[in-house]
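To start, the structure under review is shown below, and the notes come after it.
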Amino acid sequence: QLDLLRRQRHRYENGDRELKEAIANISHDLRTPLTAISGYLELLEMTDAAPAATDRASVQRRYLAQIRSRTEAMKDLTEQLFSYSILVSAPLQQPRELTLQYVLEESLANCYAQFTTVGITPRLQMPELPVCRVLDRGSLERILSNILMNAAKYSAGDLSICLHPQGQIDFSNAAPDLTPVMAERLFERFFTVETARHSTGLGLSIARNLTERMGGTITAHYREGRLTISLYFPGN
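Everything in the sequence shown is counted per my numbering, starting at 14 for the first residue and increasing by one.
Here it is in structure tokens:
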């Protein structure tokens, strides 16, 4: 009973710590664009005193563009928070048999533009025989998309994907700025490696939530400068 109480207390303390960190991170992410918007609005008001109308119009357009950019950043952050609250509470759809090769190929095709933008050409290795699992397709597509988008944001220029016959998918990329401690925290809510990229850090947290709800596991390992995220769904 004492061991049980200690474990429960430890879990509650961790939950309280995560909640406090989440509030701090959300406040920071929302405060940053708000502060910028307020600053540019003040500068915009000051342009009325500019002597030349042409100079005033040029400066005003530049400030308005900055305000629009910060507003879009806030919009993206709030939409990610809303999506997270919906996804983690919504019931799963009716599971059906899926071929992991097909779903993985489609997810890669959907992320093609993002990988092209950052100069990454994913290397894909899959078995010849189909690997089938009974899963919710929408949730699986969300999981794969979040993992791939995370790689597009933070990879140092490469991505290797290997689907094993037993149903495990390994996503490996160079990540020289990461540490083993940071890798262990990747699935925590609101944890992000770089806060300057307008990211809430919810992508991998959503992936873990959906994976576990479908009976799978997702883990992260960091070794010799490479991050490997392993997604596994056992056979039925």
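Note that the Cβ used here is the ideal one computed from N, Cα and C, for glycine as well.
Just so we're clear, the structure is a prediction, and the values are computed from it rather than from any experiment.
What is the rounded straight-line gap between the Cα of residue i and the Cα of residue j?
{"i": "Asp183", "j": "Glu154", "result": "16 Å"}
{"i": "Gly238", "j": "Pro189", "result": "5 Å"}
{"i": "Glu201", "j": "Thr232", "result": "12 Å"}
{"i": "Thr224", "j": "Gly52", "result": "42 Å"}
{"i": "Leu90", "j": "Met162", "result": "16 Å"}
{"i": "Leu142", "j": "Arg226", "result": "26 Å"}
{"i": "Arg24", "j": "Pro135", "result": "38 Å"}
{"i": "Met195", "j": "Asp68", "result": "48 Å"}
{"i": "Gly229", "j": "Phe246", "result": "4 Å"}
{"i": "Asp16", "j": "Ile160", "result": "36 Å"}
{"i": "Arg22", "j": "Gln14", "result": "12 Å"}
{"i": "Arg20", "j": "Glu58", "result": "57 Å"}
{"i": "Asn222", "j": "Tyr167", "result": "21 Å"}
{"i": "Leu43", "j": "Ala70", "result": "29 Å"}
Taking Cβ positions, are residue i and residue j nearer each other than 7 Å?
{"i": "Ser158", "j": "Ser120", "result": "yes"}
{"i": "Ser243", "j": "Gln181", "result": "yes"}
{"i": "Met87", "j": "Gln114", "result": "no"}
{"i": "Leu137", "j": "Ile174", "result": "yes"}
{"i": "Tyr235", "j": "Leu191", "result": "yes"}
{"i": "Ala165", "j": "Phe128", "result": "yes"}
{"i": "Arg83", "j": "Ile50", "result": "yes"}
{"i": "Ala220", "j": "Ile156", "result": "yes"}
{"i": "Leu176", "j": "Arg146", "result": "no"}
Just mark residue i as buried or exposed, buried being the case when its beta carbon has 16 or more other beta carbons within 10 Å.
{"i": "Leu117", "result": "buried"}
{"i": "Val144", "result": "buried"}
{"i": "Leu215", "result": "buried"}
{"i": "Tyr125", "result": "exposed"}
{"i": "Leu240", "result": "buried"}
{"i": "Gly170", "result": "exposed"}
{"i": "Leu18", "result": "exposed"}
{"i": "Leu54", "result": "exposed"}
{"i": "Glu92", "result": "exposed"}
In terms of DSSP beta bridges, what is residue i paired with?
{"i": "His23", "result": "According to DSSP, which records beta bridges pairwise, His23 is partnered with nothing at all."}
{"i": "Asp183", "result": "Cys175 and Ser243"}
{"i": "Glu58", "result": "Beta-bridge pairing links Glu58 to no other residue."}
{"i": "Arg136", "result": "Ser173"}
{"i": "Cys145", "result": "Thr112"}
{"i": "Thr130", "result": "None; Thr130 has no bridge partner."}
{"i": "Thr232", "result": "Ser243"}
Once the 5 residues before and after residue i are set aside, which same chain residues still bring their CB inside 7 Å of it?
{"i": "Gln106", "result": "Asp149 and Gly151"}
{"i": "Ala78", "result": "none"}
{"i": "Leu56", "result": "Tyr76"}
{"i": "Val131", "result": "Ala165"}
Keeping to the same chain, check which residues put their C-beta closer than 6 Å to that of residue i; ignore five residues upstream and five downstream.
{"i": "Pro46", "result": "Arg83, Ala86 and Met87"}
{"i": "Leu172", "result": "Ile133, Pro135, Ala164 and Asn186"}
{"i": "Pro193", "result": "Tyr235"}
{"i": "Val197", "result": "This sequence places Glu at residue 197; Val is not what is there. So no residue of the chain qualifies."}
{"i": "Asn123", "result": "none"}
Going by the C-beta, is residue i closer than 6 Å to any heavy atom of the ligand ADP?
{"i": "Thr230", "result": "The ligand ADP is absent from the structure shown, which contains no ligand whatsoever."}
Looking only at its chain, what residues have a beta carbon closer than 8 Å to the beta carbon of residue i, apart from the 5 residues adjacent to it on each side?
{"i": "Pro108", "result": "Val147, Leu148, Asp149 and Met227"}
{"i": "Gly248", "result": "Arg146, Gln179 and Gly180"}
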